[in-house]
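**Student:**
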Amino acid sequence: MGITAGRAVDWMNRFASEVSEHRQELVRLDTAIGDGDHGTNMERGMRKALDRLGQAQPEDPGAVLKSVAMTLVSSVGGAAGPLYGTLFLQMGSSLAGHQEVELPELSAAWRKGLEGVQARGKAQPGDKTMVDALTPAVQALEEASELEPGLQAAARAAHDGMLATTPLVARKGRASYLGERSKDHQDPGATSTYYLFKSAAETLAG
Amino acid sequence: MGITAGRAVDWMNRFASEVSEHRQELVRLDTAIGDGDHGTNMERGMRKALDRLGQAQPEDPGAVLKSVAMTLVSSVGGAAGPLYGTLFLQMGSSLAGHQEVELPELSAAWRKGLEGVQARGKAQPGDKTMVDALTPAVQALEEASELEPGLQAAARAAHDGMLATTPLVARKGRASYLGERSKDHQDPGATSTYYLFKSAAETLAG
Amino acid sequence: MKKLINAPDAVLSDALRGVQAAHGDRLRVSFDPAYVVRSDAPVQGKVGIISGGGSGHEPMHGGFVGPGMLDGACPGEVFTSPTPDQMIEATKAVDGGAGVLHVVKNYTGDVMNFDMAAELGRGENIEVETVLTNDDVAVEDSLYTAGRRGVGVTVLIEKICGGAAEDGRSLQEVAELGRRANANGRSMGMALTPCITPASGEPSFELGDDEVEIGIGIHGEPGRFREQLGPASQVAERLMAPILDDLPFSSGDRVLAFVNGMGGTPLLELYVMYAEVARVAGERGIQLERNLIGNYITSLEMQGCSITLLKLDDELLRYWDAPVNTPALRWGA
Amino acid sequence: MKKLINAPDAVLSDALRGVQAAHGDRLRVSFDPAYVVRSDAPVQGKVGIISGGGSGHEPMHGGFVGPGMLDGACPGEVFTSPTPDQMIEATKAVDGGAGVLHVVKNYTGDVMNFDMAAELGRGENIEVETVLTNDDVAVEDSLYTAGRRGVGVTVLIEKICGGAAEDGRSLQEVAELGRRANANGRSMGMALTPCITPASGEPSFELGDDEVEIGIGIHGEPGRFREQLGPASQVAERLMAPILDDLPFSSGDRVLAFVNGMGGTPLLELYVMYAEVARVAGERGIQLERNLIGNYITSLEMQGCSITLLKLDDELLRYWDAPVNTPALRWGA
Ligand SMILES: Nc1ncnc2c1ncn2[C@@H]1O[C@H](COP(=O)(O)OP(=O)(O)O)[C@@H](O)[C@H]1O
Ligand SMILES: Nc1ncnc2c1ncn2[C@@H]1O[C@H](COP(=O)(O)OP(=O)(O)O)[C@@H](O)[C@H]1O
Ligand SMILES: [Mg+2]
Ligand SMILES: [Mg+2]
Ligand SMILES: [Mg+2]
Ligand SMILES: [Mg+2]
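So the sequences go chain by chain: A, B, C and D. Sequential numbering of the first sequence, starting at 1, is according to the numbering used here. Sequential numbering of the second sequence, starting at 1001, is according to the numbering used here. Sequential numbering of the third sequence, starting at 2001, is according to the numbering used here. Sequential numbering of the fourth sequence, starting at 3001, is according to the numbering used here.
(1) The alpha helix (DSSP H) spanning R1007 of chain B covers which residue range?
(2) Below 8 Å on the Cβ atoms is my contact criterion, and I expect K2159 of chain C with L2329 of chain C to pass it. Report the Cβ-Cβ distance as a whole number of Å.
(3) List the endpoints of the continuous beta strand (DSSP E) containing K2105 of chain C.
(4) Pick out whichever of D:V3153, D:Q3086, D:V3151, D:D3095 has its Cα sitting closest to the Cα of L3120 of chain D.
(5) Measuring only the C-alpha atoms, how far is G1150 of chain B from D2009 of chain C?
(6) Would you say the beta carbon of G1034 of chain B is closer than 7 Å to some non-hydrogen atom of ligand 4?
(7) By DSSP's criteria, S3309 of chain D is part of a beta bridge. Which residues make up the other side?
(8) I'd like to know whether the C-beta atoms of G116 of chain A and L87 of chain A end up nearer to each other than 8 Å.
(9) Any chance the CB of V131 of chain A is under 7 Å from a heavy atom of ligand 8?
(10) Whole angstroms are fine: how far does the CA of K1048 of chain B sit from the CA of E1018 of chain B?
(11) For T1166 of chain B, count the other beta carbons within 10 Å of its own beta carbon; 16 or more makes it buried, fewer makes it exposed. Which is it?
(12) Rounded to the nearest angstrom, how far is the Cβ of V1101 of chain B from that of G1002 of chain B, given a contact under 8 Å?
(13) Give every residue of the same chain whose Cβ lies closer than 7 Å to the Cβ of P3266 of chain D, excluding the five residues on either side of it in the sequence, and list them in chain order.
(14) Given a threshold of 16 other Cβ atoms within 10 Å of its Cβ, counted over all protein chains shown, does A3007 of chain D qualify as buried or as exposed?
(15) Contact defined as beta carbons within less than 8 Å: I believe A2073 of chain C pairs with I2050 of chain C. What is the distance between those atoms, to the nearest angstrom?
(16) Give a yes or no on contact between the segment 2269-2281 of chain C and the segment 2205-2213 of chain C, applying the rule of three or more CB pairs nearer than 8 Å.
(17) Between the beta-carbon of F3114 of chain D and the beta-carbon of D37 of chain A, is there less than 8 Å?
(18) What residues in its chain sit with their C-beta under 6 Å from that of P2067 of chain C, if we drop five residues either side in the sequence?
(19) Are the CB atoms of V2047 of chain C and L2101 of chain C nearer to each other than 8 Å?
(20) What residues from the segment 1044-1075 of chain B come within 8 Å of chain C, judged by C-beta to C-beta, listed N to C?
(21) If you draw a straight line from the alpha carbon of M1012 of chain B to that of D2253 of chain C, how long is it in whole angstroms?
(22) Assign L3143 of chain D to one of two classes, buried (16 or more other C-beta atoms within 10 Å of its C-beta) or exposed (fewer than that).
(23) In this structure, what does DSSP give as the bridge partners for L3239 of chain D?
(24) What is the C-beta distance between R2284 of chain C and L2256 of chain C, in whole angstroms, given that I count them as a contact (C-beta under 8 Å)?
(25) Does the distance from the CB of K172 of chain A to the CB of A123 of chain A come in under 8 Å?
(26) Buried or exposed: where does F3031 of chain D fall if 16 or more other Cβ atoms within 10 Å of its Cβ makes it buried?
(27) Which residues does DSSP list as the beta-bridge partners of E2228 of chain C?
(28) Under 8 Å between C-beta atoms, does T3108 of chain D make it to chain A?
(29) Rounded to whole angstroms, what is the Cα-Cα separation between N3260 of chain D and V1009 of chain B?
(30) Based on DSSP bridge pairs, tell me the residues matched to E1180 of chain B.
(31) When we look at the beta-carbon of F1152 of chain B and count the other beta-carbons within 10 Å, is it buried (16 or more) or exposed?
(32) From I2216 of chain C to H2057 of chain C, what does the alpha carbon distance come to, in whole angstroms?
(33) For the segment 2-36 of chain A, which residues have a CB atom closer than 7 Å to at least one CB atom of chain D, in sequence order?
(34) Considering only C-alpha positions, which residue in the set A:S67, A:H185, A:G121 is nearest to A80 of chain A?
(35) Put C3074 of chain D into one of helix, strand or coil per three-state DSSP.
(36) Determine whether the Cβ of V2144 of chain C lies closer than 8 Å to any Cβ atom of chain B.
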């Protein structure tokens, strides 16, 4: 059985919970090398996204992600609003028309999402951004042959990618203003991206 | 031998040193129930007063005090400027014409000075101001029959008057804004007035 | 203590150098004695208006010197009233033959120094009138105390009297107007943090992490009491209640509301406060006809605010609205 | 955290209520999406100008809405850029048929949100031009990074473009003028203290008792490095050197000097700083033709300042001097 709209909603619910639970952590990470709003912004956005999902009840997974995308774009602001908005918008478009989504469609959608994020933000891997968690995770999913282990591998890869941002000097986003001082801090956006993959692994398969 | 102009200058020198040495104490007392500038203001004023005395070299004690008065009025500001200015101005006028000053002239001058302070500031004893140190000290001097013990009695009385301000509720000056909260703090102006009498006892007699 | 200064005892003269460099086209700066007058002073036939007070309350008073407001200002050392010679020189510099008004905030030091200036200045043959401001309802008013402090209403009075003087009104009329504005104005302030004077280097009082000081003045002096910080709505009610009770203001009154920052509070928060002030006033049927929001009478870097309400009549309103052209307050010019 | 607010997530809407209550006669406030436009918007035939950015920088941008400056402003959450729908609605509200200029500070979030607004807004048939401000010399400029931040010059550009738009200049001309001003402007900032956002409740960085943070931006982010606090003269030299080297400014240049407070620094200290800025400029033969001193682009209650120098030409000067009538900047009107 593939991923239904209900599953997609579960995913978003779980992601919202993770963000909410780790709000302080995300704020703290963003205070160190940014402006301290990443946790608050993502929490506000995901709360509104769930509200809207509850009202609109989209019929397929693509529509779920598009609805979330639109809400994030219009309520998060900052860098994360357009980036997560673009990610979900591209994923949603890629999945359009599929009532149930299988691994190949899902990894294609993630790839589109990643491309969207990079088109929007111009970040390369190694720039110390969410791209550093996204890139290896999407790759892991593409290399998988089954959904459940694929999602788990993706979550692990996102986790590794997130940790790997710590020693980097930021070249994109607000942390880049710190130059060398951005070293030795984990990137907040890569951290929230890890929670997105973790939530996926816990909700989308099985 | 009575008090000469040179003695009066010694007195002012000593007073300036006392104020300077106790600047932080006066600031701290004024921070608690005022605006924290009493020590700084008195120090600035007395430094300038000494400068001016050095240049003008007044010929009698009255002229010394008048010179100090004028400098204090034009450089201290706040409440202390006019009050100490008036004190010294009245004392100076009272002593006008005397090359050497004996106890009777001195206590008369102090009385005039105290009256001037009260005319200027409208404070009564018990209002938690410099008047609380001045009043008993002047009285002690008036009751004395010799200069040296008289000045020492005056310094002791000023000291007691200063300590007695602690439990009082202020009714005049900035401390009065605190109402009941002005209790349990020693008045800064009464404290500097004690140093004035202490300096007198140490320089004017003997 | 961390401050953008060169040395504690150079703050006043350094700041005056800055004023001269920045506003030399419109202000004339004297360093000794220290005062600032508008560059075209004295304006012949116009009542001159000066004020003065300790430094650390900027933009008051120097920032209010210019056409339509003050002719001159005498800055003292930080939180220390200026001295009589500053006042005399400034008075002479702005006297255009129609007399000079002294706007004096009711503090012992300010009052005594201005008194001495008036005494010493009698020989100068300049007619001087004094308006004493004492709008702070945090302080009990009594014959046996120093009385209420002059705070926020001072700014409004300087503007209103300035407008009247520019309009050619006589010294008596300008003074009467100032006294009426003072009688119609009430203020109350609070602090979230203390301030630190350059000379002392120490906080003016200590406050707990969730405490506020209610009934503060503008010299970093402690207030009447402290309490838990509540939401802005509650702070506004706390400050408005004694103001509204004291005058009393009543339904239908037209009022100028002045939400003043103590220096370190973001403008964002002052607008939050203004929303609450407008709400409380609205609940009493009081119409906020005009407003002023910002840092105008400050206590160095103190965080907090004060609220001033001024009951308006047609004349007060007219002179409030009149053109003004100073570094800190400007409209219609 | 001690703030005059009702709740962290209500700050923006509460402050907007305050703006509406205070300036309802001259500004129109929309709460959802959040934006503020001048009450006579759209002005037919005039280029509309909007800007936007996170809240916490007040008076920027809402305080600059009015004749002669911005037609509209979009406030985001504190330190968070606003969203595309705010920008689209504000753009529509100020379009008088001559196109709309977006003044965008160069931050990843601001740029991306304004980009999305432009994309999504293409269907609206409104001609939009963008001026990106990036004057902060504390940040290295490189193709491979996010580039320099937009700071102090933004205020000056909004004023100058506003003057040109009021003068009937075309969208292209107004945009070109804005870009020229940006190319001619350089800034550098420093902090004595961090700030605390309502949402996080924690200081944005930690500083020792005698340390300052050099090269800060306006979002409470740490700067490039920290060092011992020296006298104001040294701080001014520290900030001026990279500014003067970067453009470079040279003897005989006519310059606008903007000494900006970060929100919590007393005006007294800003004037001390201005005296030093004037001295350093004078030593290089640079003429400070105009100045602006005060809290105009802030970081909540942060103590510190930034210096902006803008090289003037006749046209920039003319539009700087042109009348402006906004809550925070007003002259000639
Ligand atoms: N150009 C970019 N490309 C990809 N991700 C980026 C880019 N700029 C910033 N980010 C991500 O956004 C995160 C910060 O998001 P957030 O704090 O919400 O926005 P802001 O920086 O505007 O306050 C960073 O940790 C980083 O992962
Ligand atoms: N009306 C008054 N009469 C006599 N002494 C007064 C009066 N008001 C204030 N003082 C004295 O002045 C002292 C404060 O002086 P100072 O701190 O220099 O002035 P300010 O209060 O203006 O800052 C008080 O401690 C008190 O002793
Ligand atoms: Mg952030
Ligand atoms: Mg004092
Ligand atoms: Mg004082
Ligand atoms: Mg942000």
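We treat Cβ as the ideally placed atom computed from N, Cα and C, and that holds for glycine.
**Tutor:** On the basis of the supplied data:
(1) Within the second sequence, residue 1007 of chain B is the residue found at index 7, counting from 1. DSSP places R1007 of chain B in the uninterrupted alpha helix (DSSP H) bounded by 1005-1021.
(2) For this step, residue 2159 of chain C is matched to residue 159 along the third sequence. For this step, residue 2329 of chain C is matched to residue 329 along the third sequence. L2329 of chain C and K2159 of chain C do touch by the CB rule: their CB atoms are close to 7 Å apart, below 8 Å.
(3) Residue numbering aside, residue 2105 of chain C sits at position 105 when the third sequence is read from its first letter. From DSSP, the beta strand (DSSP E) with K2105 of chain C extends over 2100-2105.
(4) For the purposes of this step, residue 3120 of chain D is taken as the residue at position 120 of the fourth sequence. Answer by Cα proximity: D:Q3086.
(5) One-based indexing of the second sequence puts residue 1150 of chain B at position 150. One-based indexing of the third sequence puts residue 2009 of chain C at position 9. Rounded to whole angstroms, G1150 of chain B to D2009 of chain C spans 39 Å at the Cα level.
(6) As a position in the second sequence, residue 1034 of chain B is number 34, starting the count at 1. Yes - ligand 4 has a heavy atom lying nearer than 7 Å to the Cβ of G1034 of chain B.
(7) Along the fourth sequence, one-based indexing puts residue 3309 of chain D at 309. The residue asked about is misnamed: residue 3309 of chain D is Leu in this sequence, not Ser. Paired residues: D:R3186, D:A3257.
(8) Position 116 of the first sequence, counted from the first residue, corresponds to residue 116 of chain A. Position 87 of the first sequence, counted from the first residue, corresponds to residue 87 of chain A. The criterion of a C-beta distance shorter than 8 Å is satisfied by G116 of chain A and L87 of chain A.
(9) Absence of ligand 8 from the depicted structure is noted, with ligand 1, ligand 2, ligand 3, ligand 4, ligand 5 and ligand 6 being the only ligands included.
(10) By one-based count along the second sequence, residue 1018 of chain B stands at place 18. By one-based count along the second sequence, residue 1048 of chain B stands at place 48. Taking the straight line joining both Cα atoms gives about 15 Å.
(11) One-based indexing of the second sequence puts residue 1166 of chain B at position 166. By the neighbour-count definition (other C-beta atoms within 10 Å, threshold 16), T1166 of chain B is an exposed residue.
(12) Your numbering for residue 1101 of chain B matches position 101 in the second sequence. Your numbering for residue 1002 of chain B matches position 2 in the second sequence. Correct: roughly 5 Å between the Cβ atoms.
(13) Walking along the fourth sequence from the start, residue 3266 of chain D turns up at place 266. Around P3266 of chain D: no qualifying Cβ.
(14) In the fourth sequence, counting from the first residue as 1, residue 3007 of chain D sits at position 7. Exposure of A3007 of chain D is indicated by the presence of fewer than 16 other C-beta atoms within 10 angstroms of its C-beta.
(15) Here residue 2073 of chain C is taken as the residue at index 73 of the third sequence, counted from 1. Here residue 2050 of chain C is taken as the residue at index 50 of the third sequence, counted from 1. About 7 Å; that satisfies the 8 Å criterion.
(16) Touching, no, given that fewer than three Cβ pairs across the two stretches are closer than 8 Å.
(17) Locating residue 3114 of chain D in the fourth sequence gives position 114, counting from the first residue. Locating residue 37 of chain A in the first sequence gives position 37, counting from the first residue. No, the Cβ-Cβ distance between F3114 of chain D and D37 of chain A is not below 8 Å.
(18) Locating residue 2067 of chain C in the third sequence gives position 67, where the first residue counts as 1. These residues qualify, in order along the chain: N2325.
(19) Taking the first residue of the third sequence as 1, we reach residue 2047 of chain C at position 47. Taking the first residue of the third sequence as 1, we reach residue 2101 of chain C at position 101. Yes; because the gap between Cβ atoms is below 8 Å, this pair is in contact.
(20) Result list: R1044, V1073, S1074, S1075.
(21) Along the second sequence, one-based indexing puts residue 1012 of chain B at 12. Along the third sequence, one-based indexing puts residue 2253 of chain C at 253. Take the alpha-carbon of M1012 of chain B and the one of D2253 of chain C: they are about 58 Å apart.
(22) Counting from one through the fourth sequence, the residue named residue 3143 of chain D turns up at place 143. L3143 of chain D should be labelled exposed.
(23) Walking along the fourth sequence from the start, residue 3239 of chain D turns up at place 239. Under DSSP, L3239 of chain D forms no beta bridge with any residue.
(24) Sequence index remark: in the third sequence, residue 2284 of chain C carries index 284 (1-based). Sequence index remark: in the third sequence, residue 2256 of chain C carries index 256 (1-based). Between L2256 of chain C and R2284 of chain C the Cβ distance is about 15 Å, and since that is not below 8 Å, they are no contact.
(25) In the first sequence, counting from the first residue as 1, residue 172 of chain A sits at position 172. In the first sequence, counting from the first residue as 1, residue 123 of chain A sits at position 123. With contacts defined as CB atoms closer than 8 Å, K172 of chain A and A123 of chain A qualify as a contacting pair.
(26) The residue given as residue 3031 of chain D occupies position 31 in the fourth sequence. So F3031 of chain D ends up on the exposed side.
(27) Residue 2228 of chain C sits at position 228 when you count from the first residue of the third sequence. Checking the sequence shown, residue 2228 of chain C turns out to be Gln, not Glu. Paired residues: C:E2211.
(28) Taking the fourth sequence and counting its residues from 1, the one referred to as residue 3108 of chain D is at position 108. Interface residue, yes.
(29) Residue 3260 of chain D sits at position 260 when you count from the first residue of the fourth sequence. Residue 1009 of chain B sits at position 9 when you count from the first residue of the second sequence. Using only the alpha carbons, I get a separation of about 49 Å.
(30) The residue given as residue 1180 of chain B occupies position 180 in the second sequence. Paired residues: none, contrary to the question.
(31) Here the question's residue 1152 of chain B lines up with position 152 in the second sequence. The sequence shown places Gln at residue 1152 of chain B, rather than the Phe named in the question. So Q1152 of chain B ends up on the buried side.
(32) For the purposes of this step, residue 2216 of chain C is taken as residue 216 along the third sequence, with counting starting at 1. For the purposes of this step, residue 2057 of chain C is taken as residue 57 along the third sequence, with counting starting at 1. H2057 of chain C has its alpha-carbon roughly 14 Å from the corresponding atom of I2216 of chain C.
(33) Hits within the stretch, in order: V27, T31, G34, D35, G36.
(34) As a position in the first sequence, residue 80 of chain A is number 80, starting the count at 1. Measuring C-alpha to C-alpha distances from A80 of chain A to each of A:S67, A:H185, A:G121 identifies A:G121 as the nearest.
(35) In the fourth sequence, counting from the first residue as 1, residue 3074 of chain D sits at position 74. Assigned with DSSP and collapsed to three states, C3074 of chain D falls in strand.
(36) The sequence position of residue 2144 of chain C within the third sequence is 144, counting from 1. At residue 2144 of chain C the sequence reads Tyr, which differs from the Val that was named. It does; some Cβ of chain B falls within 8 Å.
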